[in-house]
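Trainee: One structure, as structure tokens, below. Some questions next.
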Amino acid sequence: MRGRGILELFSEVAGQYDSWYDSPAGRVVLEVEASMLDEVLPSGIGVDVGAGTCRFAPFLSRGREIVCLEPAYGMLVYGYARGRCEHPLCATSENAPLRPSFDFAYMVTVLEFLEDPALSLTRIWEALKSGGLLAVLYVERDSKWGKLYSELAEKGADPVLARARFYSQPEVDKLLSAAGFEVREHLKSLDYEPLTVPAEKPRVYRESCADCGVTLTVAVKK
Numbered sequence: 002m003r004g005r006g007i008l009e010l011f012s013e014v015a016g017q018y019d020s021w022y023d024s025p026a027g028r029v030v031l032e033v034e035a036s037m038l039d040e041v042l043p044s045g046i047g048v049d050v051g052a053g054t055c056r057f058a059p060f061l062s063r064g065r066e067i068v069c070l071e072p073a074y075g076m077l078v079y080g081y082a083r084g085r086c087e088h089p090l091c092a093t094s095e096n097a098p099l100r101p102s103f104d105f106a107y108m109v110t111v112l113e114f115l116e117d118p119a120l121s122l123t124r125i126w127e128a129l130k131s132g133g134l135l136a137v138l139y140v141e142r143d144s145k146w147g148k149l150y151s152e153l154a155e156k157g158a159d160p161v162l163a164r165a166r167f168y169s170q171p172e173v174d175k176l177l178s179a180a181g182f183e184v185r186e187h188l189k190s191l192d193y194e195p196l197t198v199p200a201e202k203p204r205v206y207r208e209s210c211a212d213c214g215v216t217l218t219v220a221v222k223k
């Protein structure tokens with residue numbers, strides 16, 4: 002993460018961050034993103050990198066043991082207190098004491114806040130077994146969602162978004178390849194107006210979408 006300040010900020014906004022997922026718009030995003038991850042993650046032992054308030058672990062725990070890795074103590078305690086993760090670990094992805102014993106790892110809108118994404122991805126690569134899977138879900142920079150978040154960040158309307166750096170799919174693929182991963186596929190969703198409630202369940206696309214807000218890149222350790 003980008004310095005001590007960002008960790009304190011995330012801890013301070015833990016309740017606000019968490020409650021958004023209970024709003025009508027947030028619930029739709031949570032469910033579709035969790036379903037995307039559930040579709041691609043294997044069974045076994047994995048790590049939720051930048052778990053925040055551990056919102057995703059309960060959706061993904063069937064057939065899986067998940068370590069919730071989160072450097073912002075306030076966020077992790079908030080999620081743990083609500084019984085969402087049995088294996089919390091407060092550490093950064095760059096310095097987490099993880100052995101090469103994990104079958105999978107995933108991160109949800111975490112790449113945007115990493116101070117050194119190359120180092121973080123390398124450490125995750127080291128923590129995975131040979132052939133282990135990494136799923137990276139991120140806001141697509143050039144989508145309507147990415148443009149809105151970038152605008153809010155530039156205006157200083159959201160202190161968290163102001164710390165974010167948004168990426169395009171080719172940029173993420175390049176980072177993963179440089180860290181030793183082989184990119185296998187891309188899933189995309191949120192093809193509707195940002196922060197609204199769609200009339201129907203959002204569609205999940207494979208590889209191609211004209212204007213989807215999020216991309217899930219699936220890669221394996223070579």
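Numbering of the sequence shown is given in our numbering, commencing with residue 2 and proceeding in unit increments.
Every residue gets a Cβ at the ideal spot worked out from N, C-alpha and C, and that includes glycine.
Taking only runs of the alpha helix (DSSP H) that begin and end inside the segment 56–119, which ones reach a length of at least 4 residues, in chain order?
Mentor: 58–61 and 74–82
Trainee: Report the three-state DSSP secondary structure of residue 217 (helix, strand or coil).
Mentor: The residue you call residue 217 lines up with position 216 of the sequence shown. Assigned with DSSP and collapsed to three states, residue 217 falls in strand.
Trainee: Please confirm if the segment 201–220 is in contact with the segment 133–142, defined as three or more CB-CB distances below 8 Å between the two stretches.
Mentor: A contact exists between the segment 201–220 and the segment 133–142.
Trainee: Just the C-alpha distance for residue 183 and residue 177, rounded to the nearest angstrom, thanks.
Mentor: One-based indexing of the sequence shown puts residue 183 at position 182. One-based indexing of the sequence shown puts residue 177 at position 176. Between residue 183 and residue 177, the C-alpha separation is close to 7 Å.
Trainee: Which partner residues of residue 222 appear in the DSSP bridge assignment?
Mentor: Taking the sequence shown and counting its residues from 1, the one referred to as residue 222 is at position 221. Looking at the DSSP assignment, residue 222 forms a beta bridge with 182.
Trainee: In three-state terms, what does DSSP make of residue 177?
Mentor: Within the sequence shown, residue 177 is the residue found at index 176, counting from 1. In the structure shown, residue 177 sits in a helix (DSSP, three-state: H, G or I).
Trainee: Check the C-beta distance from residue 50 over to residue 70 and give it rounded, since I have them as a contact under 8 Å.
Mentor: The residue you call residue 50 lines up with position 49 of the sequence shown. The residue you call residue 70 lines up with position 69 of the sequence shown. Taking 8 Å as the upper bound for CB-CB distance, residue 50 and residue 70 are in contact here, some 5 Å apart.
Trainee: Please go through the same chain and pick out, in chain order, the residues whose beta-carbon is closer than 6 Å to the beta-carbon of residue 26, but skip the five residues on each side of it.
Mentor: Along the sequence shown, read from residue 1 onward, the residue named residue 26 stands at position 25. The beta carbon of residue 26 sits closer than 6 Å to the beta carbons of 196 and 198 from its chain, once the five residues preceding and following it are set aside; these are given in chain order.
Trainee: Using the three-state DSSP reduction, which class does residue 19 fall into: helix, strand or coil?
Mentor: Along the sequence shown, one-based indexing puts residue 19 at 18. Reduced to three states, the DSSP call for residue 19 is helix.
Trainee: Identify every residue that forms a DSSP beta bridge with residue 189.
Mentor: If you number the sequence shown from 1, residue 189 lands on position 188. In DSSP, residue 189 forms a bridge with 206 and 216.
Trainee: So, at 7 Å on beta carbons, what are the nonlocal neighbours of residue 60 in its own chain, with the 5 sequence-adjacent residues on each side left out?
Mentor: One-based indexing of the sequence shown puts residue 60 at position 59. Only 35 and 39 meet the Cβ criterion.
Trainee: For residue 180 versus residue 119, is the C-beta spacing smaller than 8 Å?
Mentor: The sequence position of residue 180 within the sequence shown is 179, counting from 1. The sequence position of residue 119 within the sequence shown is 118, counting from 1. Yes, the pair counts as a contact, with Cβ atoms nearer than the cut-off.
Trainee: Does DSSP classify residue 161 as helix, strand or coil?
Mentor: Translated into positions along the sequence shown, residue 161 becomes position 160. Residue 161 falls in the coil class under three-state DSSP.
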